[in-house]
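Data first, discussion second: the structure below is written as structure tokens.
There are 2 protein chains.
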Amino acid sequence: MKKLILDGNVVAQEMKEDLKGRVESLKRNGVTPCLATILVGNDPSSETYVKMKGNACKRIGMKSIRVHLPEETTTEELLVKIEKLNNDPFVHGILLQHPVPSHIDERKAFETIAIEKDVDGVTSAGYGQTALGFGEYPSCTPAAIMKIIEFYGIEVEGKHAVVVGRSPILGKPVSALLLNENATVTTCHSKTTNLAEILKQADIVVAAVGKPNFIQGDWIKEGAVVLDAGYNKGNIGDIDYNACYEKASAITPVPGGVGPVTIATLLKQTVESAERDMRDRNRVPQFRQA
Amino acid sequence: MKKLILDGNVVAQEMKEDLKGRVESLKRNGVTPCLATILVGNDPSSETYVKMKGNACKRIGMKSIRVHLPEETTTEELLVKIEKLNNDPFVHGILLQHPVPSHIDERKAFETIAIEKDVDGVTSAGYGQTALGFGEYPSCTPAAIMKIIEFYGIEVEGKHAVVVGRSPILGKPVSALLLNENATVTTCHSKTTNLAEILKQADIVVAAVGKPNFIQGDWIKEGAVVLDAGYNKGNIGDIDYNACYEKASAITPVPGGVGPVTIATLLKQTVESAERDMRDRNRVPQFRQA
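Chains as they are written, first to last, in the UniProt record's numbering: chain F, 1 to 290; chain H, 1 to 290.
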């Protein structure tokens with residue numbers, strides 16, 4: 001059986017090439033797509049992620065604004081900042097880098113992001129729309145997984161997809177997206193008592209646990225498609241790659257799998273928000289523009 | 001093994017007794033909980049459902065308003081009506097009886113209901129909150145199923161729950177609620193290729209298909225808990241009751257299973273909305289009430 005390496009860099013490259021043209025076209029129309037990132041505190045890996053995202057914006061001609069707030073920022077202060085970005089007509093997307101310091105009400109902060117700027121897909125309203133099948137901006141990692149599946153022509157309908165993890169931005173939305181594509185979906189988590197037994201039935205495995213090398217090779221059915229959404233310290237995924245590689249018909253590496261597509265998805269959704277913004281402006285009748 | 005009949009009438013009765021006291025207390029404070037039902041067109045079973053819900057309100061001392069719109073009502077006209085109820089301070093809950101006539105954009109109508117009055121749990125925003133674990137008003141039938149499970153002390157954590165159906169108000173939210181109670185959840189549907197095989201693994205089965213007697217006895221594992229959310233013509237559920245009864249350790253009958261608890265849940269959520277309304281009024285500083 002031919003083994004397929006699901007190369008996220010190839011997918012992301014194609015997406016970014018497409019986006020470059022769209023950004024140029026927006027700029028010709030006077031709109032520069034802009035992503036605002038908010039970082040609270042000084043977690044070094046969060047700083048790295050935010051920097052990476054800002055750089056990715058620049059490389060395709062987008063603007064990015066970095067808001068860096070001190071560790072001791074209160075929830076209220078953060079909400080004020082988010083509201084300001086919600087009301088800033090030059091900002092098309094808002095990304096609050098998580099985790100935020102533990103004294104901050106992260107959910108409240110997420111919920112404050114205006115849904116039309118929630119390009120990272122963190123609000124419950126956005127999640128609800130995604131799950132019911134009409135969301136504009138799903139969470140980026142789940143959307144990236146679906147993009148890889150689509151790019152490589154992997155069949156989803158009627159397949160049994162098993163998602164390991166149930167976080168609001170990963171396990172839950174990827175389960176919802178797979179279900180909407182007509183997979184039979186099982187969502188497993190820390191309280192699942194027979195994980196190996198369930199995984200062995202999976203045609204499609206999505207690992208979204210946050211535990212390095214957690215998914216074992218002998219839990220995987222011969223020929224399964226294995227997608228690793230894990231990003232643990234030292235660039236290690238949630239699956240035991242070498243062991244799962246032997247079993248899988250297709251597999252994402254870490255790094256170079258889901259990660260680059262996630263960032264490309266963030267850019268894409270910000271560009272889409274800018275495109276909507278432009279369409280909305282053009283819809284304003286002339287006499288109101290005086 | 002002792003067979004447990006999950007008697008929805010007993011559960012609903014207890015809920016309604018509790019609600020009667022809460023309604024009285026609200027009325028003593030000048031607030032009469034009020035549910036507005038909207039019926040578009042003349043579908044006889046929809047008329048019956050709406051009437052049942054109105055009568056259920058009255059029996060526990062609540063008010064209900066019936067809005068009956070003609071078959072030819074447009075989406076726009078319906079939205080105007082919903083907005084009016086959103087802004088009516090005496091209305092605590094809004095129920096749009098579905099299905100609406102096919103020329104109406106049902107989703108748009110649902111989405112127009114203000115989330116604080118969405119006691120029937122039909123908005124995507126409400127669904128998102130429910131799925132992420134902090135929803136005020138889940139869809140009534142899923143909430144009823146969880147209530148029955150709680151009432152009869154059925155263990156959910158670590159169990160494998162299989163939900164058959166994925167509608168926005170039934171299959172999807174009940175999957176989400178079971179997941180939040182730490183079940184491992186599989187959602188099956190019309191594209192599932194190996195339904196019997198998956199159902200045979202289920203500790204908890206929720207049938208939400210809308211096909212009379214669809215779930216067969218030999219698809220059920222010995223000792224499973226079987227919950228039938230189906231309501232098909234002639235008061236027939238989605239499970240083949242007699243055959244499933246033999247296998248199940250606990251089972252809901254149809255009628256008298258999930259149905260009565262669904263209506264009690266609708267009442268409960270409307271009363272909760274009224275209670276929130278009263279708390280909010282009391283929170284207004286005195287000088288602003290002049």
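Glycine included, C-beta positions come from ideal geometry on N, C-alpha and C.
Given the structure is predicted, the values throughout are model-derived calculations rather than measurements.
| query | result |
| --- | --- |
| For residue 128 of chain H, would you say it is in contact with chain F, using Cβ-to-Cβ distances shorter than 8 angstroms as the test? | yes |
| Specify the secondary structure class of residue 163 of chain F as computed by DSSP and reduced to three states. | strand |
| Please check if any C-beta of chain H sits within less than 8 angstroms of the C-beta of residue 145 of chain F. | no |
| Secondary structure at residue 42 of chain H, three-state DSSP: helix, strand or coil? | coil |
| Between the region 126-145 of chain H and the region 264-276 of chain H, can you find at least three pairs of beta-carbon atoms closer than 8 angstroms? | yes |
| With contact counted as at least three CB pairs below 8 angstroms, one residue from each stretch, are the region 107-114 of chain F and the region 128-138 of chain F in contact? | no |
| From the DSSP output, read off the bridge partner residues of residue 5 of chain F. | F:251 |
| Near residue 90 of chain F, what residues of its chain come up, given a Cβ to Cβ distance below 7 angstroms and the 5 sequence neighbours on each side ignored? | 34 |
| Identify the residues that DSSP records as bridge partners of residue 185 of chain F: which are they? | F:161, H:187 |
| So residue 213 of chain H packs on residue 239 of chain H, CB below 8 angstroms; how close in whole Å? | 7 angstroms |
| Tell me which residues share the same chain as residue 179 of chain F and place their Cβ nearer than 6 angstroms to its Cβ, disregarding the 5 neighbours each side in the sequence. | 185 |
| Would you say residue 289 of chain H reaches chain F, if we count a Cβ-Cβ gap shorter than 8 angstroms as a contact? | Reliability fails at residue 289 of chain H, whose pLDDT of 44 lies under 50, so the model's placement of it is uncertain and the value that follows must be treated cautiously. Chain F, which has no Cβ nearer than 8 angstroms to the Cβ of residue 289 of chain H, makes this no. |
| So residue 174 of chain F packs on residue 145 of chain F, CB below 8 angstroms; how close in whole Å? | 6 angstroms |
| Given a threshold of 16 other Cβ atoms within 10 Å of its Cβ, counted over all protein chains shown, does residue 58 of chain F qualify as buried or as exposed? | exposed |
| Let me see if you follow: with CB-CB separation under 8 angstroms, is residue 232 of chain H close to chain F or not? | no |
| I need the boundaries of the beta strand (DSSP E) containing residue 233 of chain F, first residue and last residue. | Segment: none, residue 233 of chain F is in no beta strand (DSSP E) and carries neither H nor E. |
| What does residue 265 of chain F pair with, by DSSP beta-bridge criteria? | Looking at the DSSP assignment, residue 265 of chain F forms no beta bridge with any residue, so it has no partner. |
| Got a sec, what are the start and stop residues for the beta strand (DSSP E) residue 204 of chain H sits in? | 204-207 |
| What first and last residue would you give for the alpha helix (DSSP H) that runs through residue 217 of chain F? | Counting along the chain, residue 217 of chain F falls outside any alpha helix (DSSP H), and DSSP gives it neither H nor E. |
| How many Å lie between residue 208 of chain H and residue 51 of chain F at the Cα? | 47 angstroms |
| Figure out for me which residue from F:223, F:246, F:233 has the closest Cα to the Cα of residue 159 of chain F. | F:223 |
| Provide the residue span of the alpha helix (DSSP H) that contains residue 69 of chain F, from first to last. | Not the alpha helix (DSSP H): residue 69 of chain F falls in the beta strand (DSSP E), residues 63-69. |
| Could you please tell me which residues of the region 153-184 of chain H, in chain order, have their CB closer than 7 angstroms to any CB of chain F? | 157, 158, 166, 168, 172, 179, 182, 184 |
| Does residue 140 of chain H get closer than 8 angstroms to chain F when you measure Cβ to Cβ? | no |
| Do three or more CB pairs link the region 59-66 of chain F to the region 32-46 of chain F at distances below 8 angstroms? | yes |
| Whose Cβ in chain F lies nearer than 7 angstroms to the Cβ of residue 191 of chain H? | 157, 158, 182 |
| Put residue 32 of chain F into one of helix, strand or coil per three-state DSSP. | coil |
| Under 8 angstroms between beta-carbons, which chain H residues line up against residue 188 of chain F? List them in chain order, please. | 184 |
| Is any beta-carbon of chain F found at less than 8 angstroms from that of residue 113 of chain H? | no |
| Residue 44 of chain F to residue 22 of chain H, Cα distance in whole Å? | 52 angstroms |
| DSSP three-state call for residue 270 of chain H: helix, strand or coil? | helix |
| Leaving aside the five residues before and after residue 244 of chain F along the sequence, list all residues of the same chain whose C-beta is less than 7 angstroms from its C-beta, in chain order. | 215, 217, 220, 226, 251 |
| Within the 8 angstroms Cβ cut-off, does residue 207 of chain F reach chain H? | no |
| Which first and last residues belong to the beta strand (DSSP E) in which residue 95 of chain H is found? | 93-96 |
| Does the Cβ of residue 290 of chain H have 16 or more other Cβ atoms within 10 Å, making it buried, or fewer, making it exposed? | Here the model assigns residue 290 of chain H a pLDDT of 41, short of 50, so the residue's position is not dependable, and the following value carries that caveat. With fewer than 16 Cβ atoms within 10 Å of its Cβ, residue 290 of chain H is classed as exposed. |
| Buried or exposed: residue 273 of chain F, going by 16 or more other Cβ atoms within 10 Å of its Cβ? | buried |
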